[in-house]
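Q: Residue numbers (the numbering used here): 4 to 611. The following block contains the structure, expressed as structure tokens.
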Amino acid sequence: MKIFKALWLILPLILINYSCKKTETLPEKTISTTSDSMFNDDIKQYYFQTLDSAAFYIKKIDTLKSLKENQNNLLLSRKWYKRAEPLLIAYDYENYQSMNAPNLLKIEIDDHTDIKKIKPKSYQVLEEYLFGEDTIENKELFRVYNYLQLRIPYIVKNHGILKQRDRHHLKMMRDAIVNVALKGITGFDSPVLANSLTEAIYNYESIKHVLSIYKNTLNESIYKAWLNEIELTIKTLNQGNFDSFDRYSFIKKHTNKQLKLINQTANAWNIELSTSRALNPKSTNVFSETFFNKKMFSPPHTPKITEKSIALGKALFNDTSLSGSGTISCATCHIKEKAFTDGNKIALGTNGQPLLRNTPTLPYAVYQRSFFYDGRGDGLEGQIVGVTNNKNEFHIDLKTLEENIKAKPEYKQQFDSIYKGKITNRNIRNAIASYIRSLTPFNSKFDRNMQDLENTLTKKEVLGFNLFMGKAACATCHFPPTFYGTVPPKFAETEFEHLGLTKTSDFENPVLDNDPGLYYPYEVEERRGYFKTSTVRNIALTAPYMHNGAFETLEQVLEFYNLGGGQGLGLDVPYQTLPPTPLDLNENEIDAIIAFMNTLTDKDYENY
Numbered sequence: 004m005k006i007f008k009a010l011w012l013i014l015p016l017i018l019i020n021y022s023c024k025k026t027e028t029l030p031e032k033t034i035s036t037t038s039d040s041m042f043n044d045d046i047k048q049y050y051f052q053t054l055d056s057a058a059f060y061i062k063k064i065d066t067l068k069s070l071k072e073n074q075n076n077l078l079l080s081r082k083w084y085k086r087a088e089p090l091l092i093a094y095d096y097e098n099y100q101s102m103n104a105p106n107l108l109k110i111e112i113d114d115h116t117d118i119k120k121i122k123p124k125s126y127q128v129l130e131e132y133l134f135g136e137d138t139i140e141n142k143e144l145f146r147v148y149n150y151l152q153l154r155i156p157y158i159v160k161n162h163g164i165l166k167q168r169d170r171h172h173l174k175m176m177r178d179a180i181v182n183v184a185l186k187g188i189t190g191f192d193s194p195v196l197a198n199s200l201t202e203a204i205y206n207y208e209s210i211k212h213v214l215s216i217y218k219n220t221l222n223e224s225i226y227k228a229w230l231n232e233i234e235l236t237i238k239t240l241n242q243g244n245f246d247s248f249d250r251y252s253f254i255k256k257h258t259n260k261q262l263k264l265i266n267q268t269a270n271a272w273n274i275e276l277s278t279s280r281a282l283n284p285k286s287t288n289v290f291s292e293t294f295f296n297k298k299m300f301s302p303p304h305t306p307k308i309t310e311k312s313i314a315l316g317k318a319l320f321n322d323t324s325l326s327g328s329g330t331i332s333c334a335t336c337h338i339k340e341k342a343f344t345d346g347n348k349i350a351l352g353t354n355g356q357p358l359l360r361n362t363p364t365l366p367y368a369v370y371q372r373s374f375f376y377d378g379r380g381d382g383l384e385g386q387i388v389g390v391t392n393n394k395n396e397f398h399i400d401l402k403t404l405e406e407n408i409k410a411k412p413e414y415k416q417q418f419d420s421i422y423k424g425k426i427t428n429r430n431i432r433n434a435i436a437s438y439i440r441s442l443t444p445f446n447s448k449f450d451r452n453m454q455d456l457e458n459t460l461t462k463k464e465v466l467g468f469n470l471f472m473g474k475a476a477c478a479t480c481h482f483p484p485t486f487y488g489t490v491p492p493k494f495a496e497t498e499f500e501h502l503g504l505t506k507t508s509d510f511e512n513p514v515l516d517n518d519p520g521l522y523y524p525y526e527v528e529e530r531r532g533y534f535k536t537s538t539v540r541n542i543a544l545t546a547p548y549m550h551n552g553a554f555e556t557l558e559q560v561l562e563f564y565n566l567g568g569g570q571g572l573g574l575d576v577p578y579q580t581l582p583p584t585p586l587d588l589n590e591n592e593i594d595a596i597i598a599f600m601n602t603l604t605d606k607d608y609e610n611y
């Protein structure tokens, strides 16, 4: 036991000595990397160094120590964890999610008999416990730090860096860059301290270290470009204040430039990054239509989206024969001039029958992983089934829908060329889904400025984006570039939130909305009132807002958030995910955020 304690005491010295060593010199020429990366062991050792250091300091946290000591050790541990984070995201994403989880109860459901309620045990939770205003019981504090004390050594022992190739490490760097820009600098995982800019520096220090390992595989100009860019990035982050940091310039001047350097590095190494992931590895602009790999948001083996399939899908989208009554089509509720919403508080079905919730917008919906406000839809094709089966909407079975389309000769040639003549309900749904998947223009005023196609954003609009991404904490749920709740950098899951939403905009006499949301079908009380995070793209066209249409204006929406949601209004909302503390946004800041959101309106809707 004494030997073990002694090792922990000298470990920092060993680590300092390790970090001071220069990378082993390689032959003075640009070399081609191999399929079994010759640098994998060096990267693995760096990964161990960062995790061992994170473990060293987390091990020093104890309920017997003072609050100040525990706070200091948490910050030191998290410093090293953040250096390990790029590799964790790439090679051990499940543990990354666990260690970086927000302080929210997680519900896992397989069926009615297997419902797991998991309390988070993460760095975020420790930050709230040790730096928050609430007093935490020692038992609860121990539960969290003890998990991390055990988990980090477990990750080292069962690490995922085995035979990664150079393309894997390059993708790791790319994902880290994307993660910093779209989630890291928003304050997502530093909810109390807002230490996001400093922690982004730790991420970039790891990218720099990995590049130093690969130094002699790159020509001098590319390597120098990387070093200069990372030094400028770190300098920019170092000079920033969380509330006033210019995230707009950061993404435009640094993130997008780094994506270009990733491509140059791939060319230098003569490798192709995988195209079987959510993001297009060759894209060099976060706010470009090319940023996503759209095929990865479609079911496997579905036909490629073409102009012909889009045209067919558009025709079907507007065809009333898809409904049992023959009087409504998809376009009845999804009006393109209103960004495919209908302007009603609650959607109206057959014969004006009120439906359950507000009509959601469709542009960029392809980049979600769940559909309907309560997430019951699985993919766009599956979502269409829900509409056809609903007695107050299309009220038609899939077989009858199929026969109705077969009876219309004008469709025969289109189905012949796209689906080899097979007019099936599955192909009908895929064609409609293809049309919806095409609604991703990324051509709003904001996008065009981010793409350097114009320079028209006002100072007020830029301020609004920076507030949205920072002080107002909007982007901790509405993640760019789609501003849905689909989480970077993997974009593999869509988040649901509980806002404590009110029935109306009367905040003087608030009444909690009683829509159960995710409570059904499993009747889990902790999920009552949860709804999928919608996009704020085209928000100027999609009033009224929220799943119940409670708010007529964006000013009302911002006031609700500024007050801290339902809890902030004094309502009993035990599982609210929105922080209940006021945002303290002033009138000018609220106006700026609205001005920014108004720049997210896509162009030329009449052509869609």
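Glycine included, C-beta positions come from ideal geometry on N, C-alpha and C.
For Glu592, count neighbouring C-beta atoms within 10 Å of its own C-beta (all shown protein chains included) and say buried if the count is 16 or more, exposed if not.
A: So Glu592 counts as buried.
Q: Shortest alpha-carbon distance to Lys255 belongs to which of Leu129, Val289, Glu496?
A: Residue Val289 is the option with its Cα nearest to Lys255.
Q: Can you name the start and end residues of the alpha helix (DSSP H) that Lys263 belongs to?
A: Looking at the DSSP string, the run of the alpha helix (DSSP H) that includes Lys263 is 259-272.
Q: Looking only at its chain, what residues have a beta carbon closer than 6 Å to the beta carbon of Phe133, apart from the 5 residues adjacent to it on each side?
A: Strictly speaking, residue 133 in this sequence is Leu, with Phe absent from that position. Counting only Cβ-Cβ distances below 6 Å, and skipping sequence neighbours, we find Asn73, Gln74, Leu77.
Q: Note down the Cα distance separating Ala553 from Ala434, rounded to an integer number of angstroms.
A: Near 34 Å, if we compare the C-alpha coordinates of Ala434 and Ala553.
Q: In whole angstroms, what is the alpha-carbon distance linking Gly329 and Lys415?
A: One C-alpha to the other measures close to 20 Å.
Q: What residue range does the alpha helix (DSSP H) around Ile110 cover?
A: Counting along the chain, Ile110 falls outside any alpha helix (DSSP H), though it belongs to the beta strand (DSSP E) covering 109-114.
Q: Going by C-alpha to C-alpha distance, which of Ser332, Phe42, Glu384 sits closest to Ser437?
A: Ranking Ser332, Phe42, Glu384 by Cα distance to Ser437 puts Glu384 first.
Q: Could you pull out every residue in the same chain whose Cβ sits closer than 6 Å to the Cβ of Thr507, ignoring the five residues on either side in sequence?
A: For Thr507, where only same-chain residues beyond five positions count, the Cβ hits under 6 Å are Ala553.
Q: Run through the DSSP bridge pairs and tell me what Arg531 is partnered with.
A: DSSP, once it has assigned bridges, lists Gly520 as partnering Arg531.
Q: Alpha carbons only, please: which of Asp450, Val390, Gly190 is nearest the one belonging to Met472?
A: Of the candidates Asp450, Val390, Gly190, the one whose C-alpha sits nearest the C-alpha of Met472 is Gly190.
Q: What does DSSP give as the partner residue(s) for Phe554 in the beta ladder?
A: For Phe554, which the question treats as bridged, DSSP gives the partners Tyr548.
Q: Alpha carbon to alpha carbon, what distance is there between Thr391 and Ser2?
A: Outside the displayed span of the chain (4 to 611) sits residue 2, for which this structure offers no information.
Q: Give the single residue among Asn395, Asn428, Glu590 whose Cα lies nearest to the Cα of Gly467.
A: Residue Glu590 is the option with its Cα nearest to Gly467.
Q: Apply the 10 Å Cβ neighbour rule to Ile34 and answer buried if 16 or more other Cβ atoms are within range, or exposed otherwise.
A: Low confidence applies to Ile34: its pLDDT is 41, below 50, so where it sits in the model is not reliable, and the reading given next is rough at best. So Ile34 counts as exposed.
Q: What number of angstroms, rounded off, separates the C-alpha of Asn106 from the C-alpha of Val576?
A: Spanning the two alpha carbons is a distance of roughly 16 Å.
Q: Starting from Lys71, trace the beta strand (DSSP E) in both directions and tell me its first and last residue.
A: Not the beta strand (DSSP E): Lys71 falls in the alpha helix (DSSP H), residues 70-94.
Q: Which one or two residues does DSSP pair with Lys120 in a beta bridge?
A: Looking at the DSSP assignment, Lys120 forms a beta bridge with Ile110.
Q: Starting from Gln386 and walking both ways along the alpha helix (DSSP H), at which residues does that stretch end?
A: Where Gln386 is concerned, the enclosing alpha helix (DSSP H) stretches over 382-392.
Q: What do you get for Val514, buried or exposed, if any count of 16 or more other CB atoms within 10 angstroms of its CB means buried?
A: Exposed, by the Cβ-count rule.
Q: Between Phe397 and Gly327, which are expected to be in contact by the criterion C-beta below 8 Å, what is the C-beta distance as a whole number of angstroms?
A: So it is a contact: roughly 6 Å between Cβ atoms.
Q: Considering just the uninterrupted stretch of the alpha helix (DSSP H) at His171, what are its terminal residues?
A: That run of the alpha helix (DSSP H) goes 169-185.
Q: What number of angstroms, rounded off, separates the C-alpha of Leu67 from the C-alpha of Ile61?
A: Near 14 Å, if we compare the C-alpha coordinates of Ile61 and Leu67.
Q: With distances taken between CB atoms, is the gap from Ala179 to Ile210 smaller than 7 Å?
A: For Ala179 and Ile210, yes; Cβs fall inside 7 Å.
Q: Determine which residues share a DSSP beta bridge with Pro357 and list them.
A: Note: Pro357 sits in a beta bridge opposite Leu351.
Q: Nearest-angstrom Cα distance between Ile596 and Phe563?
A: Roughly 14 Å separates the two Cα atoms.
Q: Alpha carbons only, please: which of Phe482, Thr538, His550 is nearest the one belonging to Thr505?
A: Residue His550 is the option with its Cα nearest to Thr505.
Q: Going by C-alpha distance, which of Val527, Pro524, Tyr523, Leu502 is nearest Asp516?
A: Closest by alpha carbon: Leu502.
Q: Check whether chain D comes within 7 Å of Asn395, counting only Cβ atoms and requiring the distance to be less than that.
A: Of the protein chains in the structure, only one exists, and it is not chain D.
Q: Hey, would you say Leu185 sits closer than 7 Å to Phe486, going by beta carbons?
A: No, the pair does not count as a contact, with Cβ atoms beyond the cut-off.
Q: By DSSP, does Leu10 sit in helix, in strand, or in coil?
A: Low local confidence applies: a pLDDT of 41 at Leu10 is under 50, so the model's placement there is unreliable, and no value is given.
Q: Could you have a look at Ile338 and say whether DSSP puts it in helix, strand or coil?
A: In this structure, Ile338 counts as strand in the three-state DSSP scheme.
Q: For Tyr217, which of helix, strand or coil comes out of DSSP?
A: Reduced to three states, the DSSP call for Tyr217 is coil.
Q: Pull up the DSSP beta-bridge partners for Glu223, would you.
A: According to DSSP, which records beta bridges pairwise, Glu223 is partnered with nothing at all.
Q: Specify the secondary structure class of Phe471 as computed by DSSP and reduced to three states.
A: If DSSP states are grouped into helix, strand and coil, Phe471 belongs with the helices.
Q: For the pair the stretch 412-428 and the stretch 566-585, tell me if three or more CB-CB distances fall below 8 Å.
A: The stretch 412-428, when compared against the stretch 566-585, does not touch it at the 8 Å Cβ threshold.
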